[in-house]
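To keep things clear, I will list the structure first and then write my remarks on it.
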Amino acid sequence: MDISGPKPELLARFAAIVGDNHVLRDQQDLAPHLVEGRGLYFGSSPMLLKPGSTEEVSAILKLASETGTPVVPQTGNTGLVGGQTPRSGGSDLIVSLERMNRIRDVDPVANVLVADGGAILADVQRAAEAVGRLFPLSLGSEGSCRIGGNLSTNAGGTSVLAYGNMRQLCLGLEVVLPTGEIWDGLRRLKKDNTGYDLRDLFIGAEGTLGIITGAVLKLFPQPVGHQVALAGLDSPQDALKLLERASNLCGTALTGFELMPRIGIEFTTRHIEGVRDPLSEPHPWYALIDISTSDSAETAQSMVQSLLEQGFEAGLIRDAVIAASVAQQKALWHMRESLSDAQKPEGGSIKHDVSVPVSKIPAFMEDAGKAVLAAIPGARICAFGHLGDGNIHYNISQPVGADKAAFIGRWREINEIVHGIVLAAGGSISAEHGIGQLKRDELAHIRSPIELDLMRRIKKAFDPAGIMNPDKVVAIP
């Protein structure tokens, strides 16, 4: 492969597929597409293409496969592991799906919605709401992330506890293969056992096997009753006990149970506009509880009140507040969803997106905290996440006054410490952000030889020319 990049005449052939009005060549225009959101990865590219149809994506990949031109798919560019970032060297073309943003169909009777791969998540949510339905995936980046990227990373968000992640929220896909062939798998069936489930190969593949250009998504009835509460707690162990009570009392009505540390509340109240400390006194930990019911608002209110009463009686809750309005519900969730952004003004942050068996989370928090502070005294641990499904965002802000570059320079060292504790607990080093470039080499050390070999075989079978998002997820020798 010519690392100097495609020749001008070849670039012209690619540009002709989408038209010059839908091509970015100027490096200033390309700049936002060449960097990962946290600034960990910077790439280069001679051109970004914006196809307007599945057929144009097909033509791009067919030409790329024939000429050995590497292609990096990009949707909202909100990924945090470098999976959507081109490599340095100037040879990777970026294929952006931002023009392919249509809601193709909404069927409230069948509870399905068909969307382009470039449809913005918030637009999908609104399209479902317009017909009295709910698309439950909710992320802090939902105003800019897109469905193709959500599927490619198997995104989870804050409602996994009740609805599952994107793998559970998708019925069918339309995918353009690296060869340019189009697989039309836009099936709307909840039951289909005819052979291998190809859909599941592309979900979570991070664009290494093809480009998702369309999807059939599951919709659900809009909740009739909805209530949100915040409880102040002493420890993750108390939060776990409260989660067990919430599951027993609320069942499937428990749609969210988030764990947050005091330092996270301090960061958000300090740096995020409009966020206020919701309780009168500080507490070491907090649980954000979300309950949605299908019958009435009174049922949701009764459930949350009963849960809090049980929590107080059992000595698990120190203080609590129930949202008195929709605005207060949104404010509590805004505080939770702003935790990552609130860390930025505090300096460098070493982050981990891990999954731990729910029952082992308190022990993980204790062990990881001791190990991190032993390695970096004064580090400020802001560990938060979806307690109900075991997904913890184990983020570490630099010590006050520390050198940011020196702190970030210890990223790999701290990753090894935290991930070692995660793996010892039977967890995963990637819960919902994917592998990308950030964790590719680590994946090669923790997966068995047969698993890695199977992944490489699949990659080679789908992408014989090796042009599809190369050097991401698995390295091909």
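Under the numbering used here, the first residue of the sequence shown is numbered 3, with each subsequent residue one higher.
Even for Gly, the Cβ is constructed at its ideal location relative to N, Cα and C.
Please read all numbers here as calculations on a predicted model, not as lab measurements.
Per DSSP, the continuous alpha helix (DSSP H) segment holding Thr69 begins and ends at 56–69.
With contacts defined by Cβ atoms closer than 7 Å, Ala404 and Tyr396 do not form a contacting pair.
Looking at the DSSP output, Tyr288 sits in a beta bridge with Gly234, Met262. The residue among Cys172, His421, Arg278 with its C-alpha nearest the C-alpha of His354 is His421. If you ignore the 5 residues before and after Gly429, its C-beta comes within less than 8 Å of the C-beta of Val356, Ser357, Val358, Pro359, Lys362, Phe366, Gly392, all in its own chain and listed in chain order.
A Cβ-Cβ contact shorter than 7 Å links Gly209 with Asn471. Per DSSP, reduced to three states, the secondary structure at Glu176 is strand. Under the criterion of beta carbons closer than 8 Å, Ser340 and Val277 qualify as touching, at roughly 7 Å. Remark: C-beta atoms of Thr181 and Ser67 approach each other more closely than 7 Å. For Thr215, there is no enclosing alpha helix (DSSP H); the enclosing beta strand (DSSP E) covers residues 213–220. Annotation: the segment 445–478 contains no complete segment of the beta strand (DSSP E) (minimum length 3 residues).
Under the three-state reduction of DSSP, Ala33 is assigned to helix. The C-beta separation of Ser237 from Pro286 comes to about 7 Å, placing the pair in contact by the 8 Å criterion. Nearest in C-alpha terms to Asp443, of all of Asn417, Leu232, Glu275, Gly54, is Asn417.
The residue from Arg458, Leu12, Tyr43, Arg101 with its alpha-carbon nearest to that of Lys64 is Leu12.
Straight-line spacing of the CA atoms in Thr155 and Gly317 works out to 39 Å. For Ile105, the uninterrupted beta strand (DSSP E) segment begins and ends at 105–109. Within the segment 404–432, the complete alpha helix (DSSP H) runs of at least 4 residues fall at 406–410, 413–426. If you draw a 10 Å sphere on the C-beta of Ile478, you find fewer than 16 other C-beta atoms in it, and that means exposed. Distance from the Cα of Glu348 is smallest, within the candidate group Ile398, Gln303, Leu375, for Ile398. In the three-state reduction of the DSSP assignment, Ala117 falls in the strand class. DSSP places Cys384 in the strand class (E or B) of the three-state scheme. Scanning its chain for C-beta atoms nearer than 6 Å, with the 5 sequence neighbours on each side dropped, one finds around Ala17 the residues Val25, in chain order. An exposed status is given to Ala132, since fewer than 16 other beta-carbon atoms sit within 10 Å of its beta-carbon. In summary, Val111 is exposed, with fewer than 16 beta-carbon neighbours lying within 10 Å of its beta-carbon over all protein chains present.
By the Cβ criterion, the segment 289–309 is in contact with the segment 259–275, since at least three pairs of Cβ atoms, one from each stretch, lie closer than 8 Å. The beta carbons of Asn113 and Lys220 sit about 6 Å from each other, so the pair counts as a contact at 8 Å. Close CB contacts of Ile410 within its chain, under the 6 Å cut and outside five residues either way in sequence, are with Gly350 (chain order).
When DSSP reads this structure, Leu203 sits in no beta bridge, so it has no partner. Pairing Leu175 with Arg201, the inter-Cα distance amounts to about 6 Å. The C-alpha of Leu188 is placed about 15 Å away from the C-alpha of Ser55. Beta-bridge partners of Thr295 (DSSP): Gly227. Ranked by how close their Cα comes to the Cα of His35, the residues Asp94, Ile62, Thr71, Ala61 have Asp94 in first place.
Exposure of Gly134 is indicated by the presence of fewer than 16 other C-beta atoms within 10 angstroms of its C-beta. Beta-bridge partners of Phe44 (DSSP): Val37.
With a threshold of 16 other beta carbon atoms within 10 Å, Leu242 meets it and is buried.
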